[in-house]
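So the working numbering is basically just the index in the sequence shown, starting at one, shifted up by 5.
Glycine included, every Cβ here is placed at the ideal spot set by N, Cα and C.
Values in this document were obtained by computation on a predicted structure and should not be read as measured data.
Beneath this line is the structure, given in structure tokens, with notes to follow.
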Amino acid sequence: KHRPQIRYRQRELQRPDSAALLSELVHSTRIKYEMGDYADFTQRLFRFQEGCFRHLAEQMGLRYDRGDERHAHMDWVRDVAGLTDFLADYTAPTGRAYGRIDLEGRPLNRVSLGAIVDFFVQRGDPWVELGDPVEKLHRLSAVAELRNKGVAGHGFQGIGREDLEDAFGEDPDAIVPLLEDIYAAIFHTQLGRTPYQAVNVLIRDLLSR
6 KHRPQIRYRQ RELQRPDSAA LLSELVHSTR IKYEMGDYAD FTQRLFRFQE
56 GCFRHLAEQM GLRYDRGDER HAHMDWVRDV AGLTDFLADY TAPTGRAYGR
106 IDLEGRPLNR VSLGAIVDFF VQRGDPWVEL GDPVEKLHRL SAVAELRNKG
156 VAGHGFQGIG REDLEDAFGE DPDAIVPLLE DIYAAIFHTQ LGRTPYQAVN
206 VLIRDLLSR
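Below is the structure:
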């Protein structure tokens, strides 16, 4: 009786896509928050933001250099009218001015992917409807950057709830629901149940036999 469930989970692992990977990431981010593991929580926020920006940029036509997902194909960058000028003096929706975003020979990152997405959203249809979730994604930046303080990033400092609140500007309890809203807007579906709970039930059932 367990075979169909196990095969279903195997198929999920064999054919992962952005929606499935980011869904699981949101669920694991919630677990880390509830545990108070804020260093790992901020690391997962960082990955969620980057993963969403990458997914959206790909939908908008982003081409990679020789299939290498680390680098944008510069011919594509130059062929998109206005993109080079936009990246030459980039300011995020949060008001943070990044200046020049240089993609020549540089790996794509959370900021450059977000800049590419912002360009298409600001250009208008068919991407204008993504303005709200993209703005919410940018709201995560200050919290996500806290990961640089901890061992998951570049430092050895602790990350506390107060740090989350200062960076987010409101009660950090609202962060995970914000992730759920962003996910639903991008993928046009609700997050769904956590896979961890379902797998735990299956394992307990198998162990009890």
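Cβ-Cβ separation, residue j to residue i (assumed contact under 8 Å), whole Å
| i | j | result |
| --- | --- | --- |
| aspartate 188 | valine 31 | Before going on, a small fix: residue 188 reads as tyrosine here, not aspartate. Between valine 31 and tyrosine 188 the Cβ distance is about 6 Å, and since that is below 8 Å, they are a contact. |
| serine 28 | leucine 183 | Going by Cβ atoms, the distance from serine 28 to leucine 183 rounds to 15 Å, so no, they are not a contact pair. |
| aspartate 137 | alanine 97 | About 15 Å separates the two Cβ atoms, so there is no contact after all. |
| leucine 108 | valine 82 | 6 Å |
| phenylalanine 192 | alanine 62 | Their Cβ separation, rounded to whole angstroms, is 15 Å, which puts phenylalanine 192 and alanine 62 out of contact at 8 Å. |
Sequence-distant residues of the same chain with beta carbon closer than 7 Å to residue i, five excluded per side
| i | result |
| --- | --- |
| valine 133 | Val126 |
| glycine 160 | Asn153 and Lys154 |
| aspartate 73 | none |
| glutamate 185 | Val31 and Leu196 |
Contact check, residue i vs residue j, beta carbons under 8 Å
| i | j | result |
| --- | --- | --- |
| aspartate 70 | histidine 60 | no |
| cysteine 243 | leucine 169 | Residue 243 lies beyond the stretch modelled for the chain, which goes from 6 to 214, so this question has no answer here. |
| leucine 67 | isoleucine 121 | yes |
| phenylalanine 91 | phenylalanine 124 | yes |
| arginine 111 | glutamine 54 | no |
| tyrosine 38 | glycine 165 | no |
| histidine 7 | leucine 135 | no |
Residue from the options whose Cα sits closest to the Cα of residue i
| i | options | result |
| --- | --- | --- |
| glutamate 150 | Asp171, Pro131, Gln195 and Tyr13 | Asp171 |
| serine 146 | Gly100, Asp130 and Glu109 | Gly100 |
Through-space distance from residue j to residue i, alpha-carbon basis
| i | j | result |
| --- | --- | --- |
| arginine 105 | glycine 119 | 13 Å |
| aspartate 130 | valine 139 | 15 Å |
| glycine 87 | aspartate 94 | 12 Å |
| aspartate 178 | glycine 41 | 12 Å |
8 Å Cβ shell around residue i - same chain, five flanking residues per side excluded
| i | result |
| --- | --- |
| valine 181 | Val31, Thr34, Arg35 and Tyr38 |
| glutamine 162 | Lys154 and Gly155 |
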